[in-house]
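Participant: So in this note's numbering, spot 31 of the sequence shown is number 37, and the numbers just go up one at a time. Supplied in structure tokens, the structure appears directly below.
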Amino acid sequence: MIKVNYNFIVIAAVLLACGFAIATHTREARCFRYTWLGPRFNNESVFLNATCQDATRLADGVPCEAPLVVSHDGTWPDVEYIWRNYALNATCIASNDICATYSYYYDGKVENSTAMCTRAVNSNGDAITSGCYTQTDGSYVTRVCFCRPIPGGLPCNNATRKSLSISIILTVILYKLFN
């Protein structure tokens with residue numbers, strides 16, 4: 007009779023599954039997908055069970071992606087921490103999608119920011135693959151940054167600065183709302 011060490015089999019199966027997950031994860035180009043609620047919220051804030059509808063209740067057409075994120079002290083999220091500890095909350099890039107970070111500012115200070123996968127075109131109908139675009143309306147500024155991630159790398163979250171026409175922002179909003 008052969009004696010089987012079940013602990014060895016379980017450990018081998020877990021290691022094999024982890025190796026497969028890591029190999030699959032590192033070959034994909036990924037974007038972060040979350041909404042940071044802004045500096046007014048931190049780990050002490052009451053935001054449990056909040057939804058995107060709660061987070062965007064004051065504005066129509068504002069992009070929001072679950073999960074809703076806060077930081078320990080209200081500063082911008084630590085994307086490297088999110089990547090290391092919550093990589094499953096990052097979403098895979100489809101064929102022509104790019105990463106985008108959509109941020110709102112009031113009087114020069116950030117209000118909130120949403121990271122997502124999307125597609126965007128400029129006023130000529132050409133695909134946008136990188137760059138930052140801003141729209142100013144009095145004290146309000148909307149900034150959208152686009153980038154193409156590198157397979158296996160940390161999802162991108164920055165791009166070079168350019169100016170933006172309203173049509174690009176509307177295109178991104180409409181794509182996100184109806185897709």
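The beta-carbon is built from N, C-alpha and C at its ideal position, and this holds for glycine as well. All values derive from a computational prediction rather than experimental measurement.
#1: Can you list, in chain order, the residues of its chain whose CB lies under 8 Å from that of E50, leaving out five sequence neighbours each side?
#2: Which residue from P45, T41 and R46 puts its Cα closest to that of Q59?
#3: What residue from F47, N95, R33 and T57 has the CA that sits closest to R39's CA?
#4: By the three-class DSSP mapping on this structure, what secondary structure does Y92 have?
#5: So the candidates are A93, T62 and Y110; which of them puts its Cα closest to the Cα of D143?
#6: Taking only runs of the alpha helix (DSSP H) that begin and end inside the stretch 46-87, which ones reach a length of at least 4 residues, in chain order?
#7: Contact check, R36 vs T97 under 8 Å by CB: the rounded distance?
#8: Is T81 buried or exposed, if buried means 16 or more other CB atoms sit within 10 Å of its CB?
#9: Taking the C-alpha atoms as reference points, what is the distance between C105 and Y139?
#10: Can you give me the C-alpha to C-alpha distance between T120 and V147, rounded to a whole angstrom?
#11: In its own chain, which residues sit with a C-beta less than 6 Å from the C-beta of W89, not counting the 5 before and 5 after it?
#12: Can you name, in chain order, every residue of its own chain whose Cβ lies under 7 Å from the Cβ of C70, other than the five neighbours on each side?
Facilitator: Short version:
#1: The beta carbon of E50 sits closer than 8 Å to none of the beta carbons in its chain outside the five residues before and after it.
#2: Comparing Cα-Cα distances from Q59 to each of P45, T41 and R46, the minimum goes to T41.
#3: The residue from F47, N95, R33 and T57 with its alpha-carbon nearest to that of R39 is N95.
#4: Annotated three-state conformation of Y92 is coil, per DSSP.
#5: Comparing Cα-Cα distances from D143 to each of A93, T62 and Y110, the minimum goes to Y110.
#6: Along the stretch 46-87, the alpha helix (DSSP H) occurs as fully enclosed runs of 4 or more residues at 58-61, listed in sequence order.
#7: About 7 Å separates the two Cβ atoms, so the contact holds.
#8: Classification for T81: exposed.
#9: Each residue's alpha carbon lies about 14 Å from the other.
#10: A direct Cα-to-Cα measurement between T120 and V147 gives close to 14 Å.
#11: So the list reads L160, once near-sequence residues are dropped.
#12: The beta carbon of C70 lies closer than 7 Å to those of T41, C58, A61, T62 and T120 in the same chain, with the five residues before and after it left out.
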